[in-house]
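J.: Please see the structure below; I have some questions.
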Amino acid sequence: MTPLILVLNGPNLNMLGTREPAQYGHETLADLAQGCAETAQTHGLEIEFRQTNHEGELIDWIHAARGRCAGIVINPGAWTHTSVAIRDALVASELPVIEVHLSNVHKREPFRHLSFVSSIAVGVICGLGSHGYRMALSHFAELLREPRP
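Right, here's the structure in full:
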């Protein structure tokens, strides 16, 4: 059975390619999804790639991943800095989580330095653009190859 990784994207990421291209680049969300699909296929993974501007919908997707997925790659967008509910849902999923951000949040406004997700994530990748997503998927492939005790 092919391991399934859920790739989740939060608010405003549907605007990639047109929203602040100096900060986020010119790749669209569709470009990002395609790159993730190619990386997943290379590593023998399956992905579900999703984006929403509705916090409750994101939480529902996280809940539904429990027992169904092997891990979650998440770019919570602005919810990174505001949502204890998303953090709690990720914990409740009992899945490994990798937090990804296109920009280097630590070089940005001080309020972006706080993440409610980082402390429960296996790893955090920021500032590497879409390559960060591909790195997260590659890392999951390595994690899934390791023998479990």
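So the sequence shown is numbered by our numbering: it starts at 91 and just counts up by one. C-beta: ideal position from N, C-alpha, C; glycine also.
What would DSSP say about E128, mapped onto helix, strand or coil?
T.: The count along the sequence shown starts at 1 and reaches residue 128 at position 38. DSSP places E128 in helix when its eight states are reduced to three.
J.: Could you tell me the alpha carbon to alpha carbon distance between V163 and A182, rounded to whole angstroms?
T.: Counted from its first residue, the sequence shown places residue 163 at position 73. Counted from its first residue, the sequence shown places residue 182 at position 92. Their Cα atoms are separated by approximately 15 Å.
J.: If you measure between the beta carbons of L94 and N104, is that distance less than 9 Å?
T.: The residue given as residue 94 occupies position 4 in the sequence shown. The residue given as residue 104 occupies position 14 in the sequence shown. For L94 and N104, no; Cβs fall outside 9 Å.
J.: Below 8 Å on the Cβ atoms is my guess for L96 versus W151; work out the distance and round it to an integer in Å.
T.: The sequence position of residue 96 within the sequence shown is 6, counting from 1. The sequence position of residue 151 within the sequence shown is 61, counting from 1. Going by Cβ atoms, the distance from L96 to W151 rounds to 7 Å, so yes, they are a contact pair.
J.: Going straight from the alpha carbon of N99 to that of E145, what length do you get?
T.: Start at 1 with the first residue of the sequence shown, and residue 99 comes out as number 9. Start at 1 with the first residue of the sequence shown, and residue 145 comes out as number 55. Taking C-alpha positions only, N99 is separated from E145 by approximately 11 Å.
J.: Counting only beta-carbon atoms, is H203 nearer than 9 Å to chain B?
T.: The question asks about chain B, but that chain is absent: this structure has only one protein chain.
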